[in-house]
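These notes concern the structure reproduced below.
Protein chains in written order, with the working numbering: chain A, 357 to 489; chain B, 8 to 232.
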C-alpha cells in the first residue's frame with residue numbers, strides 16, 4: 357500500500373501529515389501561491405473561552421484567511437466526540453467573507469468507506485481525505 | 008538525538024524542499040496562463056524560469072531524501088556500536104573485557120568498507136555483520152522491507168548520473184518511462200487519498216522502513232517475521 361503510515365508513531369504521523377495535506381490542497385489548486393500550513397489553528401467561538409483548535413489549516417497569506425481546514429479523525433467514535441468542534445468549524449467557515457474554505461476530515465483508509473462516516477460527511481458538507489493505515 | 012530522530016529531521020528538510028517546488032510550480036502555472044491570455048513574452052520567460060526552479064527543487068528533494076537515508080544508516084551503525092560495543096569486540100575478535108567505540112573507529116569501519124551506504128546491498132552486508140545476521144530477514148522471510156529504498160536509489164541515480172532521464176534501472180524498478188521529476192510529482196493512489204505524489208509516498212515509506220529497522224535493531228529477542 358503506498359505510504360503506509362501504520363509503522364510510524366503518532367508524533368511522526370502528525371509531523372508528516374501537515375506537509376501531505378498542504379500537498380493535497382495544492383494538487384487541487386495548482387496555481388495558488390502564498391500558502392502556509394498552520395498546525396493547531398485557533399477558531400473563535402461565541403465567547404473567548406469557547407476558542408478551539410483544529411488540527412491543520414492552509415492559510416492564504418495574500419488574503420489573510422484560511423482556505424482549508426482539516427481535522428484528524430482516527431475512529432468513528434472520535435467522530436462523535438468531535439462533533440461539537442466540527443459544528444463550530446462549520447459555523448466559523450460560514451462567517452468568512454468570500455468563497456468558503458475547504459472543510460475536511462482526515463481518516464485512515466480502514467474506516468474511510470464506512471457508511472456512517474460517508475453519511476455524516478455528506479450531511480455536514482465535509483470532504484473525506486483518507487491516508488493508508 | 009538518536010539516529011531515527013535525526014532521520015526525521017533530515018526528512019523534514021526534504022519535505023520543505025518539496026513544498027518550495029510546489030510554490031515554484033504554482034508560479035509557473037500562473038505565468039503560463041498570463042502569457043496565454045496576454046501574449047506578453049515577459050510571462051513566457053518567467054514561466055520558463057519558474058519551471059526550471061520547480062524541476063531543480065523536485066530533483067533536490069529526492070537527492071536530499073536519499074542522503075538522509077544514507078546518513079541514517081551510518082548513524083545507526085555508530086549508535087549501535089556505541090551502546091553495544093560487545094558486537095564490535097566479537098566482530099574483531101578482541102579479548103579485552105571492556106571496549107568502547109568512538110567516532111574514529113566508525114569512520115575507519117566505513118572507510119574500510121569503501122563507503123557502503125550509497126549501495127543498499129553493501130550497506131545491508133555491513134549492518135548485518137555488526138548488528139546481526141537476522142536484522143533484515145530470517146531465512147527467506149523478510150523482516151524489513153527495503154523496496155522503498157531501492158526505488159529511491161533508482162531515482163537518485165537517474166537524477167545524479169543522467170540528469171533525471173530514466174536509466175534502465177529506473178525504468179525496470181518503477182515501470183515507467185517518465186523523467187524522474189515527472190514521476191516524482193505523479194499520483195500514486197486514487198483521488199481523495201494521501202499521499203498525492205510519488206515523492207511523498209517514498210518519504211512516508213522510507214520513514215516506515217527506517218522505523219521498522221530501528222525498532223528491530225534494539226529488540227531482544229528479535230521477532231520472527
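No residue lacks a Cβ here, since even glycine has one placed at the ideal position from N, Cα and C.
Cβ-Cβ distance between residue i and residue j below 7 Å
| i | j | result |
| --- | --- | --- |
| residue 180 of chain B | residue 150 of chain B | no |
| residue 381 of chain A | residue 424 of chain A | yes |
| residue 389 of chain A | residue 33 of chain B | yes |
| residue 21 of chain B | residue 71 of chain B | yes |
| residue 393 of chain A | residue 211 of chain B | no |
| residue 201 of chain B | residue 378 of chain A | no |
| residue 83 of chain B | residue 159 of chain B | no |
| residue 217 of chain B | residue 79 of chain B | yes |
| residue 50 of chain B | residue 31 of chain B | no |
| residue 460 of chain A | residue 485 of chain A | yes |
| residue 444 of chain A | residue 401 of chain A | yes |
Whole-angstrom distance between residue j and residue i, CA atom to CA atom
| i | j | result |
| --- | --- | --- |
| residue 396 of chain A | residue 39 of chain B | 35 Å |
| residue 65 of chain B | residue 93 of chain B | 43 Å |
| residue 191 of chain B | residue 463 of chain A | 24 Å |
| residue 134 of chain B | residue 142 of chain B | 8 Å |
| residue 186 of chain B | residue 225 of chain B | 39 Å |
| residue 449 of chain A | residue 455 of chain A | 9 Å |
| residue 101 of chain B | residue 12 of chain B | 32 Å |
| residue 447 of chain A | residue 76 of chain B | 45 Å |
| residue 478 of chain A | residue 163 of chain B | 43 Å |
| residue 193 of chain B | residue 368 of chain A | 24 Å |
| residue 357 of chain A | residue 176 of chain B | Residue placement at residue 357 of chain A is flagged as unreliable, the pLDDT there being 45, under the threshold of 50; the coordinate-derived value follows with that caveat. Answer to the nearest angstrom: the Cα atoms are 22 Å apart. |
| residue 481 of chain A | residue 35 of chain B | 32 Å |
| residue 115 of chain B | residue 148 of chain B | 32 Å |
| residue 124 of chain B | residue 465 of chain A | 34 Å |
Within chain B, the residues that residue i reaches when beta carbons sit closer than 9 Å
| i | result |
| --- | --- |
| residue 313 of chain A | Past the boundaries of the shown model lies residue 313 of chain A; chain A is included only from 357 to 489, so the question cannot be answered. |
| residue 431 of chain A | Result: empty, since nearest Cβ-Cβ is about 18 Å, beyond 9 Å. |
| residue 354 of chain A | It is not possible to answer for residue 354 of chain A, since the shown part of chain A is limited to 357 through 489. |
Chain-ordered neighbours of residue i on chain B, where CB pairs are closer than 8 Å
| i | result |
| --- | --- |
| residue 448 of chain A | Near residue 448 of chain A there are no residues of chain B at all, since even the closest Cβ is about 24 Å away, more than 8 Å. |
| residue 389 of chain A | 30, 33, 34 and 37 |
Per-residue contacts from residue i into chain B (C-beta, under 7 Å)
| i | result |
| --- | --- |
| residue 363 of chain A | 215, 218 and 219 |
Residue i - DSSP class collapsed to helix/strand/coil
| i | result |
| --- | --- |
| residue 416 of chain A | strand |
| residue 411 of chain A | strand |
| residue 369 of chain A | helix |
| residue 465 of chain A | helix |
| residue 180 of chain B | helix |
Neighbouring residues, chain A, relative to residue i (Cβ below 9 Å)
| i | result |
| --- | --- |
| residue 115 of chain B | In chain order: nothing, as chain A lies at least about 33 Å away. |
Listed by chain order, chain A residues near residue i by CB distance under 8 Å
| i | result |
| --- | --- |
| residue 316 of chain B | Any property of residue 316 of chain B remains undetermined from this structure, which presents chain B solely from 8 to 232. |
Handout entry: Interfacial residues, the stretch 71 to 97 of chain B to chain A, with Cβ spacing under 8 Å
Key = none
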